[in-house]
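Sequential numbering from 837 applies to the sequence shown in our numbering.
We treat Cβ as the ideally placed atom computed from N, Cα and C, and that holds for glycine.
Please read the structure below before turning to the comments.
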Amino acid sequence: AYHSEQLTFKEAHEVDGITYERWSIPFPLELSTGYYQFKLTVAYNEQNHQKTILVIVCPDQTYLPPNLQGDGRRAGLAISLYSLRSQNNWGVGDLGDLKEFTRWALGSLNVDVIGLNPLHAISNRQPYNISPYFPSSRFYKNFIYLNVEEMEDYRGSPGAKELVLAEETQTLLDELRTSELVQYERVARLKLKVLKSVFQSFLQNHWSNKTPVTERGKEFQTYVEKEGSLLDNFATFCALQAFLHKKDPEAWAWWQWPQPFQNPQSQEVSTFRRSHWQEILFHKYLQWQVEAQLQEVQSLAYSMGACVGLYHDLALGSDPGGADYWAFRNFFVDGITVGAPPDDFALEGQNWGFQPPHREKYRDSGYDMFVTEIRKNCQPGGALRIDHIMRFFRLFWIIAGQPAKNGTYVENYYQDLFKILALESNRAKTIIIGEDLGTVPHQVREALEQFRIFSYRLFYFERDHLGSLKDPQSYPAFALASVSTHDLPTLKGFWTGQDISLRKRLEMFPTEAQYHTALENRQKEKEEILRRLVSSGFLAQEVVDYPEILTELTDELHSAIIGFLLSTPAKLAIISQEDLFRDGRQQNLPGTVLEHPNWSIKMNYTLEELGQNSEVEKVARVFRDWIDRTGRGMLPSS
């Protein structure tokens, strides 16, 4: 409440005979960070006028854990969860595997961070719906990562156990485990079959008349109520998709459904929610269990001394035929897709196939969708990578039916978004990393620095203003340093030219001359890297003089590059498992769908081999030694 003497008259204007006045009131400075609803009531001429205003009070910068303050630095190991192999999983890396991998990596390597691919919910349909960067929903996770046999309700489900122990299932499990590639559809089909049996046991033991009757049942009910309509819409979509796909096997996207089901607010969808409540509850149950198993892994990391633990990844867009678009269509711009303008790699530009967020509707809603998206992806974990951080500044819009080269950039309210990001980062105690690869305007880097959002710096690309490879001390402190990404050749692939050979085999070079140019440029890049490693003291000149070092990723060269990265001032230095174990296979080859096994390549070693294989022990020792020498260990070196 304000007294009249606290009001300050600012100005008055008359329009069509009506006088409009502007007054100001003092802002309550004692507010701590958070979200506030201000309800203003103005009494004027015996009438009350009310206005509700959302005020968001934000900190100046994102969260930084105590162990990374000052000169603090940490190291990490990045994996694609689906790629983990073990004797116990069902053909895809699961959260049980992640727990054991985390135990090994933190204990044996002394790393602090485990980097993950996006775990978003996808359709698990090969080859078109398995990319973690093109999910059905960015709010929820892929159930395929559940470790079924470690679920409490599996242990209490004789029916589920009988299904798993059946000879037919065991034969299938052997096939899925020994397959060189993840077979998403077969794994998903098997897991759903068993999980439905597990869920039936859960209902029998903890549910009656649509109501929980035990403490465990009440825990689930609390989770469902906390998630609210967000989870209800997602689970309804999943149940509808399964129901309608049975009727029409070609109906993969919601716009292929009968018209009444395309609107989540329709009477037909409401009827479906009531009549298929159990199927909808099943999908809510799966998300409850995924969250619980993920939390176990993060708790393990913290208990072992990590200050970060799990490092999640938030995709840029969603599948237009998926759950998020179905439920929140008004928050996307219809008739527009997002892409990139023409460049040397894509002469006609790129169309990424998803719609941009509607910036005005995001803002008018108090950024509720954005806040929820960040919250759902921060936890459980200690770091969040945001793919294409440029999204907060601008996106390249393309009108439907037009070529990408005719698109244009549309700016976003980046100050609003970064301030909210800082608030949510501090609330969740989560580091924020912005993927800022490629040509980045100076304004973007300045904003990242202002809000303490970590930059993303790659060994291949980090160059000075003259175009020369930077020395390690020139890397920024508030950055994540790494060798490569899922879209680029691995260290071994780069050094041996495996990626160029693959592109040649797939006829991705328009001319023979471009192929030879790629080979020549790669040779020059490798020679420059060797010179930089020698000048920085990571390689001896006599090692470089051996001719095989230009064609093989030798032990000395491998160690030198790891040492180079870990010696930078970057607060986080993360090596992928492919680069640690010298795997030449690339997880994703942009521009391919059927031609390359994208998002399906399994790790060379099983989890059981990590503590037994001599080659693993050798490279692990090299990594651990560099971690200890550079002071990046989770625990002090002994």
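Do SER1220 and SER1154 have their C-beta atoms within less than 9 Å of each other? It is worth fixing the name first, because residue 1220 is Leu in this sequence and not Ser. In this structure, SER1154 does not lie closer than 9 Å to LEU1220 by Cβ.
Quick check: what's the CA-CA separation for ARG1022 versus VAL1380? 48 Å
Terminal residues of the continuous beta strand (DSSP E) containing ARG1341? Careful: ARG1341 lies outside any beta strand (DSSP E), inside the alpha helix (DSSP H) at 1334-1341.
Give the straight-line distance between the Cα atoms of GLU850 and ASN881, rounded to the nearest whole angstrom. 17 Å
Best match in ILE1385, ALA1071 and ARG1468 for proximity to SER972 [C-alpha to C-alpha]: ALA1071
Rounded to whole angstroms, what is the Cα-Cα separation between PHE845 and ASP1252? 28 Å
Can you tell which of ALA1264, ASN1248, VAL1144 and LYS935 has its C-alpha closest to the C-alpha of LYS1197? ASN1248
Counting only the same chain and skipping the five closest in sequence on each side, list residues whose C-beta sits under 6 Å from that of PRO901. CYS1143
I want to see whether chain D comes within less than 9 Å of SER1044, judged by CB atoms only; does it? Chain labels in this structure do not include chain D; a single protein chain is all it has.
Inter-residue spacing [alpha-carbon to alpha-carbon] between PHE1345 and LEU999: 49 Å
Can you list, in chain order, the residues of its chain with a C-beta nearer than 6 Å to that of ILE1222? Leave out the 5 residues immediately preceding and following it. LEU1150 and GLY1270
Under 9 Å, do ARG1468 and ALA911 count as touching if we go by C-beta distance? yes
Have a look at the DSSP bridge pairing and note the partners of VAL1246. LEU1231
Only counting the same chain, and skipping five residues up and downstream in sequence, which positions put a Cβ closer than 7 Å to that of LEU843? TRP859 and ILE861
Alpha carbon to alpha carbon, how far is GLU1055 from PHE1481? Give it in angstroms, no decimals. Outside the displayed range of the chain (837 to 1474) lies residue 1481, so it cannot be described from this structure.
Check TYR856 in the structure and name its three-state DSSP category. strand
Grab me the residues of THR1390's own chain with a C-beta within less than 6 Å of its C-beta, minus the 5 sequence neighbours each way, in chain order. none
Limits of the beta strand (DSSP E) - the one that GLY951 falls within: 949-951
Closest by CA to SER868, which one among HIS1194, TYR1382, LEU1259 and GLU1414? LEU1259
Spatially closest choice to ILE892 from VAL878, TYR1203 and ARG909, by CA coordinates: TYR1203
I want to know whether the stretch 917-933 touches the stretch 1120-1133 - three or more CB-CB distances under 8 Å. yes
On the premise that SER1320 lies in contact with ASP1415, defined as a C-beta separation below 8 Å, what is that separation, rounded to the nearest angstrom? 6 Å
What number of angstroms, rounded off, separates the C-alpha of PRO821 from the C-alpha of ARG1418? Any property of residue 821 remains undetermined from this structure, which presents the chain solely from 837 to 1474.
Which class does ALA1317 belong to by DSSP, given the choice of helix, strand or coil? strand
Residue range of the beta strand (DSSP E) that ASP1149 falls in? 1145-1150
Beta-carbon within less than 6 Å of ASN884's beta-carbon, same chain only, minus the 5 sequence neighbours each way: which residues are those? THR877
Mind checking GLY1189: buried by the 16 CB within 10 Å criterion, or exposed? exposed
State the DSSP-derived secondary structure class of TRP1091, mapped to helix, strand or coil. helix
For the beta strand (DSSP E) that ARG1293 lies in, which residues bound it at each end? 1291-1294
Taking the continuous alpha helix (DSSP H) assigned at GLY932, which residues delimit it? 931-940
ALA817 classed as buried or exposed, judged by whether at least 16 other C-beta atoms fall within 10 angstroms: Outside the shown range of the chain, which is 837 to 1474, sits residue 817, and nothing can be said about it.
Are the stretch 967-987 and the stretch 1332-1340 touching by the rule of at least three beta carbon pairs closer than 8 Å? no
Taking the Cβ atom as the reference point for each residue, do GLU1392 and ILE1398 lie within a distance shorter than 9 Å? no
Only counting the same chain, and skipping five residues up and downstream in sequence, which positions put a Cβ closer than 8 Å to that of ARG961? TYR1020, GLU1021 and TRP1088
Check this for me: beta carbons of GLN898 and ILE1225, under 9 Å apart or not? First, the amino acid is wrong: residue 898 is Thr here, not Gln. Contact: no.
Residue range of the unbroken beta strand (DSSP E) whose run includes GLU850: 844-851
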